[in-house]
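Q:
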Amino acid sequence: MEEARAAFLAVDGDASYISGGQSLVPALAMRLQAPAVLVDLSGIADLRGVELQGETLRIGALTRHADALTHPLIARHAPLLNAAAPFVAHPAIRNRGTLGGSVSLADPASEFPAMMLAMGAQMEIFGEDGFRRVPADDYFIDLYQTALEPGDILTALYVPSVGPHHRWAFDELARRRGDYAMVGAGILAHMDGALVESARIALFSVGSTPVRAPGAEAALAGRLLDAKTIADAQRALDDDLDPPDDEHIPAAMRRHLARVLLGRLLQRLGETP
Amino acid sequence: MSASPMSDFLPVTLTVNGTAVSRMVAPRTTLADFVRTDLQLTGTHTGCEMGACGACLVLMNGEPVHSCLVFAIQADGAAIETVEGLTERGAIEDLQRAFHERNALQCGFCTPGMLVTGHAILEKGGLPDREHIRDALSGNYCRCTGYEAIVDAIERALREREGCA
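Just so you know, the protein sequences line up as chains H and D, in that order. Counting from 1 along the first sequence, just add 320 to a position and that's the residue number in the working numbering. Counting from 1 along the second sequence, just add 1451 to a position and that's the residue number in the working numbering.
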């Protein structure tokens, strides 16, 4: 990793790390980026592997999207990743794309970065002063801008394991399967029967970063998950969002879709035993 | 004169369709261009060259990947199989026959990628329903057929392999 950092820094930032390359190579092909040097991280063994460390799942940055679908530890301990994976691109892309790459890029329309927020994950980063961990809530800063400094390497994702009282739901609204979502969301709730003790809600494709919905979360906390609570959370969600107004999807439409999606997900949370 | 980092050639050793291959390649040569140009295996097609159309799919260590999104040097040590390899070892004979009989192609440009995805579906086994076949094919574009015949052909090959044709 020292060697990779040195290679990156040697060209004054005119470099890019590459792992799966499923977002980077299209960006190069379209001439959106033209770094002089590509530093391939895919041979670094420390970036591989999925292991349970106590109550936390360590997911190496090179873990592929396809593994999020099939890895038993991910399915058991980080089920939101498992639930999101079928919506990420297409099968052949998932065979190469990495979770670390996706979270490093932090595309505001992509699924895995938002799930880091929903799961309350921490990003492990190797940089100038060695390793540090950054909570998801502090990691996403602005459009494609994260806590990663030039030369930093995202090494692993640390996800708190779900317990018997957790329930979760994920879905997105897209025009075609595999397309970027118009709006998407994941919820991880701690529940006692029908009582919501606490919930983390993260949405994507609603702004320049993946966003949490503190208002909707507060509307759920300490309440029975019934029709009134769901309606209150949907209303509160409006203040959590400030979606962009673009020519394809007006802001009002995104707000509407987000409300509808939240309602569906909460309904589903209530139905799962 | 100092060469720019991009112009230095690097060695790559891999197996392609079962044959060991060693070459010097430019670091930014894609695997798609490498198999088509250096190895003259032109069955792999380059369509969008940005991972959307699926015409360039090859098997990398047994799994379908977009060869336009892999640099040849990233395939160092890998086992690559192209549509030519699958054809020569008879691995997709039934699938190709089903495509032919069902007219599951018109211009044929997307067909190599369709066959690679179809092969992956067949290798997985079982009898996935049409919805699942369509989902598995969602990264393969065909601008001619409307997909119905392609799904039919894959479904037929699946049924034949499961012995319930």
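Idealized CB from N, CA, C, for every residue including glycine.
Determine the DSSP secondary structure at D/Val1476, reduced to helix, strand or coil.
A: strand
Q: In chain D, which residues lie less than 7 Å from H/Ala457 when you measure between Cβ atoms?
A: A quick correction: the sequence has Asp, not Ala, at residue 457 of chain H. Within chain D, no residue comes near H/Asp457; the closest Cβ sits about 31 Å away, beyond 7 Å.
Q: Measuring alpha carbon to alpha carbon, tell me which of D/Ala1587, D/Ile1531, D/Gly1541 and D/Leu1566 ends up nearest H/His410.
A: D/Ala1587
Q: Return yes when the Cβ of H/Ala324 is within less than 8 Å of the Cβ of H/Val359, no when it is not.
A: yes
Q: Quick one: residues in its chain with C-beta nearer than 6 Å to the C-beta of D/Leu1510, no 5 flanking neighbours on either side, listed in chain order?
A: Glu1532
Q: Using 8 Å for Cβ pairs, my map puts D/Val1463 next to D/Ala1530. What's the rounded Cβ distance?
A: So it is not a contact: roughly 13 Å between Cβ atoms.
Q: What is the rounded straight-line gap between the Cα of H/Arg351 and the Cα of H/Arg496?
A: 26 Å
Q: Distance, Cα to Cα, H/Gly374 vs H/Arg368?
A: 18 Å
Q: Taking only the alpha-carbon atoms, compute the straight-line gap between D/Thr1466 and D/Gly1536 and give it to the nearest angstrom.
A: 11 Å
Q: In chain D, which residues lie less than 9 Å from H/Gln554 when you measure between Cβ atoms?
A: Near H/Gln554 there are no residues of chain D at all, since even the closest Cβ is about 30 Å away, more than 9 Å.
Q: By the three-class DSSP mapping on this structure, what secondary structure does H/Tyr337 have?
A: strand
Q: So, is the C-beta of D/His1496 closer than 8 Å to a C-beta in chain H?
A: Not one chain H Cβ lies under 8 Å of D/His1496.
Q: Give every residue of the same chain whose Cβ lies closer than 8 Å to the Cβ of H/Ser525, excluding the five residues on either side of it in the sequence, and list them in chain order.
A: Pro428, Ala429, Glu492, Tyr500, Ala501, Met502, Val503, Gly504 and Arg574
Q: Going by other Cβ atoms of all chains shown within 10 Å of its Cβ, with 16 needed for buried, is H/Phe328 buried or exposed?
A: The residue in question, H/Phe328, is buried, as its Cβ has 16 or more Cβ neighbours within 10 Å.
Q: So, is D/Glu1582 buried or exposed, given that buried needs 16 or more other C-beta atoms within 10 angstroms?
A: exposed
Q: In three-state DSSP terms, what is H/Tyr478?
A: strand
Q: Helix, strand or coil: which one does DSSP assign to D/Leu1566?
A: helix
Q: Quick check on D/Met1475: buried or exposed, where buried means 16 or more other Cβ atoms within 10 Å of its Cβ?
A: exposed
Q: For the alpha helix (DSSP H) that H/Leu382 lies in, which residues bound it at each end?
A: H/Leu382 -> no alpha helix (DSSP H), and no H or E assigned at all.
Q: Please report how far the alpha carbon of D/Ala1555 lies from the alpha carbon of H/His397, in whole angstroms.
A: When rounded, the distance between both Cα atoms is 42 Å.
Q: What residues from chain H crowd round D/Glu1500, counting only those whose CB sits closer than 7 Å?
A: Ala349
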